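Q:
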Amino acid sequence: MNRSDMLSSIHADRIAVKQAILARHPGWQRPKPQTWRSVRDIAFDWVTVFASVWVMHRVGWATTPIVLVVIGNRQRALGNLLHEASHGNLSPNRRTNDYLARLFLAPPLLNSLRLYRDLHARHHAWLGDAQRDPDLLPSITRDGDRWYDVYVRYLTQFSVFRGSLIGHFANIDLTNYQRLGIVAWWLTTILSLAAINLHFAILLVVLWLGSRATAFHAITTFREMTDHYGLERGSIFGFTREIPDHGLASTLLHPHHNGYHLTHHLFPTIPYHQLPNLHKQLTQLDEFADRAEICTAYLVGAPSSVSRWGANHG
Numbered sequence: 048m049n050r051s052d053m054l055s056s057i058h059a060d061r062i063a064v065k066q067a068i069l070a071r072h073p074g075w076q077r078p079k080p081q082t083w084r085s086v087r088d089i090a091f092d093w094v095t096v097f098a099s100v101w102v103m104h105r106v107g108w109a110t111t112p113i114v115l116v117v118i119g120n121r122q123r124a125l126g127n128l129l130h131e132a133s134h135g136n137l138s139p140n141r142r143t144n145d146y147l148a149r150l151f152l153a154p155p156l157l158n159s160l161r162l163y164r165d166l167h168a169r170h171h172a173w174l175g176d177a178q179r180d181p182d183l184l185p186s187i188t189r190d191g192d193r194w195y196d197v198y199v200r201y202l203t204q205f206s207v208f209r210g211s212l213i214g215h216f217a218n219i220d221l222t223n224y225q226r227l228g229i230v231a232w233w234l235t236t237i238l239s240l241a242a243i244n245l246h247f248a249i250l251l252v253v254l255w256l257g258s259r260a261t262a263f264h265a266i267t268t269f270r271e272m273t274d275h276y277g278l279e280r281g282s283i284f285g286f287t288r289e290i291p292d293h294g295l296a297s298t299l300l301h302p303h304h305n306g307y308h309l310t311h312h313l314f315p316t317i318p319y320h321q322l323p324n325l326h327k328q329l330t331q332l333d334e335f336a337d338r339a340e341i342c343t344a345y346l347v348g349a350p351s352s353v354s355r356w357g358a359n360h361g
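All letters in the sequence shown, in the order written, are residues 48 to 361 by the working numbering.
1. Anyone know if the C-beta pair for residue 306 and residue 313 falls short of 9 Å?
2. Does DSSP classify residue 317 as helix, strand or coil?
3. Is there a Cβ from chain C that is less than 9 Å from the Cβ of residue 90?
4. Compare the Cα-Cα distances from residue 127 to each of 302, 322 and 324 and report the closest residue.
5. Identify, in the order they occur along the chain, each residue of the same chain with its Cβ nearer than 6 Å to the Cβ of residue 201, setting aside the five sequence neighbours on each side.
6. What's the C-alpha gap between residue 132 and residue 161?
7. Would residue 291 and residue 343 qualify as a contact pair, given that the criterion is a beta-carbon distance under 9 Å?
8. Just to confirm my understanding: we take residue 241, look at its own chain, exclude 5 residues before and 5 after, and list those with CB closer than 7 Å. What are they?
9. For the alpha helix (DSSP H) containing residue 362, list its first residue and its last residue.
10. Skipping 5 residues on each side, what residues in its chain have a beta carbon closer than 7 Å to that of residue 69?
11. Given that a residue counts as buried once 16 or more other Cβ atoms are within 10 Å of its Cβ, and exposed if not, what is residue 345?
12. If you run the structure through DSSP and keep just helix, strand and coil, what is residue 288?
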């Protein structure tokens, strides 16, 4: 499929589903972001991070494994909220949306909101394009591979690990001004905490980077692969998985309803807290239900989120 046909197919998928939902629900309107929900979720994620550091500070290094997992999971959660901010989905007020992202989300994750927004817009516009989709994971599957072989291969790629560890500092498009802004955020935060408790401030930095190098990297790599890896490029439906919330695994791997990726690509400006409800409405439409790749499990069952990662679709 050439580039023009791919773009036409992407637009056609969005239009067809929107027309179908309007035909079923003539009064349907796009749900708007709710600022209070975003503030609540950001606060919960940060309170969890600081509580985890405090546990390590009080109890000691024996808590390291669980603390790294908890912080890495909340880093992924904050990253998902940054993703929402790039679409303007944290608040109906764009200034408030960007303020929340620039103060609580982008810099701590070593990212620039502007660069993130630009890269992610290209991902949506050129989904699956080998030259223009910055999020495309090229196939590295070999004969005889199982899903975990491919996962470990991506997990141990230096470029993927570097991105998890240092964020946009690995991207040549990050400007010096953006780089300075991230550094300034960290200096301000650490010096402020150090003035209160130096040991806590040092521990926060160590655990933050340690989590990015371990749990965050493992979760993010898996999550990125579940979005599109192994699927057929050329359309939103053919190239995107939908993983509805199902218990603790979703909380670990797709916090803040991030598994509803197909619904998100069809309706990018629907806020994250509305995706489960919209998904339920879409499953009642033949235009969605007949074409959607809906994964009811992560590892076991058909279809699972790892289906088609391996050489034998497993």
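The C-beta atom is built at its ideal place from N, Cα and C for all residues, glycine as well.
Only a predicted model underlies this, so the values are computations on that prediction, with no experimental measurement involved.
A: According to the structure shown:
1. Translated into the one-based positions of the sequence shown, residue 306 becomes position 259. Translated into the one-based positions of the sequence shown, residue 313 becomes position 266. No, the Cβ-Cβ distance between residue 306 and residue 313 is not below 9 Å.
2. Against the sequence shown, residue 317 aligns to sequence position 270. Residue 317 falls in the coil class under three-state DSSP.
3. Looking at the structure shown, chain C is missing, and only one protein chain is on hand.
4. Counting from one through the sequence shown, the residue named residue 127 turns up at place 80. When each option's Cα is compared against that of residue 127, the closest is 302.
5. The sequence position of residue 201 within the sequence shown is 154, counting from 1. Here the set comprises 207 and 268.
6. Stepping through the sequence shown from its first residue, residue 132 is reached at position 85. Stepping through the sequence shown from its first residue, residue 161 is reached at position 114. So the two alpha carbons sit approximately 10 Å from each other.
7. Taking the sequence shown and counting its residues from 1, the one referred to as residue 291 is at position 244. Taking the sequence shown and counting its residues from 1, the one referred to as residue 343 is at position 296. Cβ distance < 9 Å, so residue 291 and residue 343 count as in contact.
8. Here residue 241 refers to the residue found at position 194 when the sequence shown is read from its first residue. Hits under 7 Å: 248.
9. With the chain covering 48 to 361 only, the question about residue 362 has no answer from this structure.
10. Against the sequence shown, residue 69 aligns to sequence position 22. Closer than 7 Å at Cβ, skipping near neighbours: 75.
11. As a first step, residue 345 must be located in the sequence shown, where it is residue number 298. Looking at its Cβ environment, which holds 16 or more other Cβ atoms inside 10 Å, residue 345 is buried.
12. For the purposes of this step, residue 288 is identified with residue 241 of the sequence shown, where counting begins at 1. Of the three classes helix, strand and coil, the one that applies to residue 288 here is strand, per DSSP.
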